[in-house]
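Peer 1:
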Amino acid sequence: MYLGKVIGSVVATKKDEAMKGHKLLMVRPLLVDENKPSQLNPSSNTIICVDTLGAGEGELVMLAQGGSARKAEGLGPLPIDAAIIGLVDAVNILGEQAYKVNNS
Amino acid sequence: MYLGKVIGSVVATKKDEAMKGHKLLMVRPLLVDENKPSQLNPSSNTIICVDTLGAGEGELVMLAQGGSARKAEGLGPLPIDAAIIGLVDAVNILGEQAYKVNNS
Amino acid sequence: MYLGKVIGSVVATKKDEAMKGHKLLMVRPLLVDENKPSQLNPSSNTIICVDTLGAGEGELVMLAQGGSARKAEGLGPLPIDAAIIGLVDAVNILGEQAYKVNNS
Amino acid sequence: MYLGKVIGSVVATKKDEAMKGHKLLMVRPLLVDENKPSQLNPSSNTIICVDTLGAGEGELVMLAQGGSARKAEGLGPLPIDAAIIGLVDAVNILGEQAYKVNNS
Amino acid sequence: MYLGKVIGSVVATKKDEAMKGHKLLMVRPLLVDENKPSQLNPSSNTIICVDTLGAGEGELVMLAQGGSARKAEGLGPLPIDAAIIGLVDAVNILGEQAYKVNNS
Numbered sequence: 000m001y002l003g004k005v006i007g008s009v010v011a012t013k014k015d016e017a018m019k020g021h022k023l024l025m026v027r028p029l030l031v032d033e034n035k036p037s038q039l040n041p042s043s044n045t046i047i048c049v050d051t052l053g054a055g056e057g058e059l060v061m062l063a064q065g066g067s068a069r070k071a072e073g074l075g076p077l078p079i080d081a082a083i084i085g086l087v088d089a090v091n092i093l094g095e096q097a098y099k100v101n102n103s
Numbered sequence: 000m001y002l003g004k005v006i007g008s009v010v011a012t013k014k015d016e017a018m019k020g021h022k023l024l025m026v027r028p029l030l031v032d033e034n035k036p037s038q039l040n041p042s043s044n045t046i047i048c049v050d051t052l053g054a055g056e057g058e059l060v061m062l063a064q065g066g067s068a069r070k071a072e073g074l075g076p077l078p079i080d081a082a083i084i085g086l087v088d089a090v091n092i093l094g095e096q097a098y099k100v101n102n103s
Numbered sequence: 000m001y002l003g004k005v006i007g008s009v010v011a012t013k014k015d016e017a018m019k020g021h022k023l024l025m026v027r028p029l030l031v032d033e034n035k036p037s038q039l040n041p042s043s044n045t046i047i048c049v050d051t052l053g054a055g056e057g058e059l060v061m062l063a064q065g066g067s068a069r070k071a072e073g074l075g076p077l078p079i080d081a082a083i084i085g086l087v088d089a090v091n092i093l094g095e096q097a098y099k100v101n102n103s
Numbered sequence: 000m001y002l003g004k005v006i007g008s009v010v011a012t013k014k015d016e017a018m019k020g021h022k023l024l025m026v027r028p029l030l031v032d033e034n035k036p037s038q039l040n041p042s043s044n045t046i047i048c049v050d051t052l053g054a055g056e057g058e059l060v061m062l063a064q065g066g067s068a069r070k071a072e073g074l075g076p077l078p079i080d081a082a083i084i085g086l087v088d089a090v091n092i093l094g095e096q097a098y099k100v101n102n103s
Numbered sequence: 000m001y002l003g004k005v006i007g008s009v010v011a012t013k014k015d016e017a018m019k020g021h022k023l024l025m026v027r028p029l030l031v032d033e034n035k036p037s038q039l040n041p042s043s044n045t046i047i048c049v050d051t052l053g054a055g056e057g058e059l060v061m062l063a064q065g066g067s068a069r070k071a072e073g074l075g076p077l078p079i080d081a082a083i084i085g086l087v088d089a090v091n092i093l094g095e096q097a098y099k100v101n102n103s
């Protein structure tokens, strides 16, 4: 899976029947910085993910790609190749805290 | 899934039997600009997608890749790895409208 | 799927039993030129595809990758991740004819 | 599969129900150096893998991606696309020992 | 599938139960040279493949990736995403012999 940051959303009225009622979020995968691995940088990619967990803009999520996305709860019949399967609370890299959600 | 822009079409008379009667469109995936994420740029890739939704040249679509493409309605028996599964009305990135369909 | 150009062939005598009797072609995927989209350029990739349609060297084909390749007629039991599923007659990009087969 | 080096971990409290109780590790795939193949370098990628083998930070592992990750023992129902399927003891490249685990 | 060159091997004692007894080889995929397509160059990638055909170091092989690797004989239950499915005897590119195995 990839870490990803939610940066927006997509509206598509005309779509495959099984997609109706599902939220579509734009997500940028995050990779560790090659020189300073505890820093997370957005990759050049942009992926539309189905979201069933209520992720919000700016939040870090974990996303699954390929047929595995259809194994997420309630997504079995959808023709999708990407879904958010977790909301990230913290990322620890080489003993440093690379990310911690702000719940204040 | 990827956002994509329809740029053309492919004609193939001799093909796998299950492909007969299906429209084949050339689609360029779109990624957010690294410096200005609300701007969408075509990637260097070019993907042939099966279309069942009636997408037209120049329109923005959502495409699914891999085995998930065969989960789109009516495409189960096709040996395909890419299909258009939605026509995009709007894309919102970081509070800005990155795309809005022109229905006028 | 990708557009591809057949550039050669592979001979492998010792192989998985299910592969026996199947033709193996070397194919280079084609992408649209970023500056002049009606021009098709070979990508840096080279893929071995199973061919059941009789594609010849120099011809343009449509290829499917991943498990979808096994959905092509007669290829179900093969341990393959790429197959030619169509012989391309024409490609139209942004109103221009990017390719037309020469049947003369 | 890829060789990978464990560099950290991810905590996600709100996640797909099937993910509960599974350890999530950050892994950087390793590739051979183009000029000196017996040297292993981290790639620019960063993958979250489910771990059932007890891998520790700094260790070399073998990871499977895509639907194959769900074939690892106990991971069938998870919506995952990456799992650690082996802890690496040694890697031999062109007659040289590129890696050997330190069990002292 | 990709052409690949066997460059080494991996030893992993602690691994998924289904992996026990299977040989793991390090393989570098080969691509045609962009300027001289009859020349094969190693790509920057390095893939661990399960081998059931007895490939040796330095030999050219054909490898399948993704779930298709599990369709190779005897590999159905393994959580793998790459397997060697053929030992390559010859590769012909644009009328030239790009590779021929040395059986002398």
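These protein sequences, in sequence, are chains A, B, C, D and E.
Residue 0 is where the first sequence starts when you use numbering that gives the first Met the number 0, and the numbers rise one by one after that.
Residue 0 is where the second sequence starts when you use numbering that gives the first Met the number 0, and the numbers rise one by one after that.
Residue 0 is where the third sequence starts when you use numbering that gives the first Met the number 0, and the numbers rise one by one after that.
Residue 0 is where the fourth sequence starts when you use numbering that gives the first Met the number 0, and the numbers rise one by one after that.
Residue 0 is where the fifth sequence starts when you use numbering that gives the first Met the number 0, and the numbers rise one by one after that.
By construction, the Cβ of each residue, glycine as well, lies at the ideal position given by its N, Cα and C atoms.
(1) With a cut-off of 7 Å, does the C-beta of P147/B fall near any C-beta of chain C?
(2) Evaluate Q64/E with the Cβ neighbour count: other Cβ atoms within 10 Å of its Cβ, from every protein chain shown; 16 or more gives buried, anything less gives exposed.
(3) Using 10 angstroms around the beta-carbon of G75/D, count the other beta-carbons present and answer buried if the total reaches 16, otherwise exposed.
(4) Given that Q64/A touches chain D, what residues does it touch there, using C-beta distances under 8 Å?
(5) Taking 7 Å as the threshold (beta carbon to beta carbon), is T51/C in contact with chain E?
(6) Suppose only complete runs of 3+ residues qualify. What are the beta strand (DSSP E) ranges in the segment 37-95 of chain B, listed by chain order?
(7) Counting only beta-carbon separations shorter than 7 Å, does V90/D have a partner in chain A?
(8) Within its chain, find whatever has a CB closer than 7 Å to the CB of V60/C; leave out the 5 residues flanking it on each side and keep chain order.
(9) Assuming A17/A and L62/A are in contact, meaning their beta carbons sit under 8 Å apart, how far apart are those beta carbons, in whole angstroms?
(10) Going by the beta-carbon positions, is the gap between A104/C and I79/C smaller than 7 Å?
(11) Between the alpha carbons of N91/C and K14/B, how many angstroms are there, rounded?
(12) In three-state DSSP terms, what is V17/D?
(13) Using a Cβ-Cβ cut-off of 6 Å (strictly less than) and excluding sequence neighbours within five positions of N44/B, which residues of its own chain qualify?
(14) Using only the alpha-carbon positions, how far apart do S8/B and L23/B sit?
(15) Check each residue of the segment 5-26 of chain E: if its Cβ is closer than 7 Å to any Cβ of chain D, include it; give the result in chain order.
(16) Do you know offhand how far E95/A's Cα is from S37/A's?
(17) Quick check: is the beta carbon of I47/C nearer than 7 Å to any beta carbon in chain E?
(18) Which one of K19/D, L30/D, A81/D and L39/D has the shortest CA to CA distance from C48/D?
(19) So N44/D contacts chain A; which residues on that side make the cut at Cβ distance below 7 Å?
(20) Within 10 Å of its beta-carbon, does G105/B have 16 or more other beta-carbons around it, so buried, or fewer, so exposed?
(21) Enumerate in chain order the residues of its own chain whose CB-to-CB distance from N102/D is below 8 Å, with the five nearest sequence positions on each side excluded.
(22) Can you check DSSP and say which residues form a bridge with M25/B?
(23) So if DSSP puts K35/B in a beta bridge, which residue, or which two residues, is it bridged to?
(24) Alpha carbon to alpha carbon, how far is L39/D from T51/D? Give it in angstroms, no decimals.
(25) Of the residues V10/E, Y1/E, G73/E and K19/E, which one's Cα is nearest the Cα of A11/C?
(26) Taking only the alpha-carbon atoms, compute the straight-line gap between P41/D and K19/A and give it to the nearest angstrom.
(27) By how many angstroms is the C-alpha of G66/D removed from the C-alpha of K35/A?
(28) If I measure Cβ to Cβ from G73/A and keep anything under 7 Å in the same chain, skipping five residues before and after, which residues do I get?
(29) If we ignore side chains and look at the alpha-carbon of each, how far apart do K99/A and A97/E end up?
(30) Beta-carbon of K70/C versus every beta-carbon of chain B: anything under 7 Å?
(31) What's the C-alpha gap between H21/D and I46/B?
(32) Does chain E have any CB closer than 7 Å to the CB of P41/D?
Peer 2: Reading from the atomic positions:
(1) Coverage of chain B is limited to positions 0 through 103, which leaves residue 147/B absent and any answer about it impossible.
(2) So Q64/E ends up on the buried side.
(3) So G75/D ends up on the exposed side.
(4) Here the neighbours are D80.
(5) Interface criterion not met: the Cβ of T51/C is under 7 Å from no Cβ in chain E.
(6) Along the segment 37-95 of chain B, the beta strand (DSSP E) occurs as fully enclosed runs of 3 or more residues at 39-41, 46-50, 59-64, 81-86 and 89-92, listed in sequence order.
(7) No, V90/D does not count as interfacial toward chain A.
(8) Apart from the 5 residues on each side of it in sequence, V60/C sits with its Cβ closer than 7 Å to the Cβ of G3, V5, V26, A54, I83, G85, L86 and V87 in its chain, given in chain order.
(9) For a cut-off of 8 Å, the C-beta gap from A17/A to L62/A is around 19 Å, too long to register as a contact.
(10) Residue 104/C lies beyond the residue range present for chain C, which begins at 0 and ends at 103; the question has no answer from this structure.
(11) Rounded to whole angstroms, N91/C to K14/B spans 18 Å at the Cα level.
(12) Note on identity: in this sequence residue 17/D is Ala, with Val being the wrong assignment. In the displayed model, A17/D falls within a helix according to three-state DSSP.
(13) So the qualifying residues of the chain are P28.
(14) The straight-line gap from Cα to Cα measures roughly 6 Å.
(15) Residues I6, G7, S8, V9, V10, A11, T12, K13, K14, D15, E16, M18 and M25.
(16) If I take the Cα positions, the gap works out to 6 Å.
(17) Yes, because at least one Cβ of chain E sits closer than 7 Å to the Cβ of I47/C.
(18) Considering only alpha carbons, the answer is A81/D.
(19) Those are L30, listed as they occur along chain A.
(20) The structure shown does not extend to residue 105/B, since chain B spans only 0 to 103, so no value can be given for it.
(21) Result list for N102/D: empty, nothing under 8 Å.
(22) Note: M25/B sits in a beta bridge opposite G7/B and I47/B.
(23) Note: K35/B sits in no beta bridge, so no partner.
(24) The alpha-carbon of T51/D is positioned some 24 Å away from that of L39/D.
(25) Ranked by Cα distance from A11/C, the first of V10/E, Y1/E, G73/E and K19/E is Y1/E.
(26) Spanning the two alpha carbons is a distance of roughly 41 Å.
(27) Linking K35/A to G66/D through their CA atoms gives a straight-line distance of about 31 Å.
(28) Excluding positions up to five away in sequence, the list reads T51.
(29) Going by the C-alpha atoms only, they are around 53 Å apart.
(30) By this cut-off, K70/C is an interface position.
(31) Whole-angstrom Cα-Cα distance: 36 Å.
(32) No, P41/D lies away from the interface with chain E (no Cβ there is under 7 Å from its Cβ).
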